[in-house]
Amino acid sequence: MIRSLQHVGVTVPDLEVGRSFYEAVGLEARMAGEHLVLRCKGRAQDQVRLMPGTTKRLSYVSFGTDAEGLQTIRESLSYHGVVIHPAPFDIGQDGLWFRDPSGDWVHVTDADSMPLAPLPTPESNTPGRYRRIGQRGCTPSSKLRRVTPLRLGHLIKFTPDVDRSIDFYTQVLGMKVSDRAGDKIAFLRCGCGGDHHVLGLAKSSHSGLHHLSFEVMGIDEIELGAQHLMSLGYESAFGLGRHVAGSNYFHYIRDPWDSMVEYFWDIDVIPEDDSEWLAIDGAPPDLIAVWATNPPPEAFIQNFEAARDE
Ligand SMILES: [Fe+2]
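Yeah, the sequence shown ends on 310 if you go by my numbering, and it's all consecutive.
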């Protein structure tokens, strides 16, 4: 039913702090009413909507589907007794609003995943497949290149009950589990196939945003992006490394509110007909990294978001 991740809404205490951070990440910012909307250069799809508030918190996640999917989701919500609410936020888009078992707002709208900006794909020379002939891979100015992410690929959010959240997102919204570590963390993809995960669910005492993840052109861009952010004073949270769950290369940087942004490249893609895909159910260390330049710090799995009153 759900066919894409559209964008994520986050409440923050200072929009200009958010603008500085996300422009440094490589996104483009514009005001939409009282909100600051971030997009990837050359792609007509909102990726992050920052909304003013007293403290930072994950406010909602917006997913896309088609007209048939929207009708099926409406019926599924009704069947499972999930209440459809009036829009809690003015985001200028139609769609269904409801809460997941963590109390997080979910928005589903009739919208496609928009095409990526057209970019040249750099050729690589791998053993036996030498495709970049007579052309440099790097020049002295390569290190000055500014990274512009191509798309928001996924988010991971905290939840007090991973099993209950899995049931909700699979049974009510048609997502599938790609890999999991018991009741500690689960990686969910859209039922129509695609990226290994568009949504991750990590165990915590309460809800919160763990990270937003943006696709870039390669491992060079992961590090060029991460090192640019570190040169501006933002803190490396984990990486460089390569995950097991999703197989993507990664580097995580702390955002100004102690969630994280991840640059990623080379994530596993699973077809809709996924009969060959065998989900791993292991311990968290089995899934976290094939290798990394440092072990994951304890803070990597810490939820810094304040618990809500409601
Ligand atoms: Fe990630």
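Idealized CB from N, CA, C, for every residue including glycine.
- L119 sits in coil when the DSSP states are folded into three classes, being neither helix nor strand.
- Ranked by how close their Cα comes to the Cα of I288, the residues S213, L278, D167 and I185 have I185 in first place.
- The shortest CA-to-CA distance from P295 to any of P285, Q302, S207 and F304 is the one to P285.
- Sequence-distant partners of E235 (beyond 5 residues in either direction) whose C-beta falls short of 6 Å from its own C-beta, in its chain, are R254.
- In this chain, the beta strand (DSSP E) harbouring G64 covers R57 to T65.
- When DSSP states are grouped into helix, strand and coil, D266 belongs to the coil group.
- DSSP places D195 in the strand class (E or B) of the three-state scheme.
- Nearest Cα to A237 within the set I301, T54, F21 and V244: I301.
- Assignment of beta-bridge partners to L150 by DSSP yields no partner.
- The chain-ordered list of residues whose CB is nearer than 5 Å to some heavy atom of ligand 1 reads S213 and E262.
- Rounded to the nearest whole angstrom, the CA to CA distance from A44 to S113 is 9 Å.
- Comparing alpha-carbon positions, the option among V108, V83, G103 and D104 lying closest to D94 turns out to be V108.
- For H107, the enclosing beta strand (DSSP E) begins and ends at W105 to D110.
- If you draw a straight line from the Cα of K176 to the Cα of R308, it is about 28 Å long.
- For E28, the three-state secondary structure derived from DSSP is strand.
- Boundaries of the beta strand (DSSP E) around H7: S4 to V12.
- For D46, the uninterrupted beta strand (DSSP E) run begins and ends at D46 to P52, by DSSP.
- Taking a cut-off of 8 Å for Cβ pairs, the region 219–234 and the region 269–284 do not touch, as fewer than three such pairs fall below it.
- In this structure, G153 lies near I267, with their beta-carbon atoms less than 8 Å apart.
- Rounded to the nearest angstrom, the gap between the Cα atoms of C40 and S275 is 33 Å.
- L36 and G18 do touch by the CB rule: their CB atoms are close to 6 Å apart, below 8 Å.
- The C-beta distance from W265 to I222 rounds to 6 Å, short enough to fall under 8 Å.
- Per DSSP, the unbroken alpha helix (DSSP H) holding R164 starts and ends at V162 to D167.
- DSSP places L278 in the coil class of the three-state scheme, outside both helix and strand.
- The way I'd put it, the region 161–171 doesn't touch the region 113–124; fewer than three beta-carbon pairs between them come closer than 8 Å.
- Nearest in C-alpha terms to L224, of all of H243, L209, L199 and F250, is F250.
- Here Q135 is exposed: its Cβ has fewer than 16 other Cβ atoms, across all protein chains shown, within 10 Å.
- With a contact defined as Cβ atoms closer than 8 Å, H206 and I270 miss out at about 30 Å.
- Between L155 and R74, the alpha-carbon positions lie close to 24 Å from each other.
- Straight-line measurement puts the Cα of D110 at about 6 Å from the Cα of A67.
- In this structure, F214 sits near P149, with a CB-CB distance shorter than 8 Å.
- Distance from the CA of C192 to the CA of H7, rounded to the nearest whole angstrom, comes to 18 Å.
- With respect to the 8 Å criterion, P88 and G53 are not classified as neighbours on the basis of their beta carbons.
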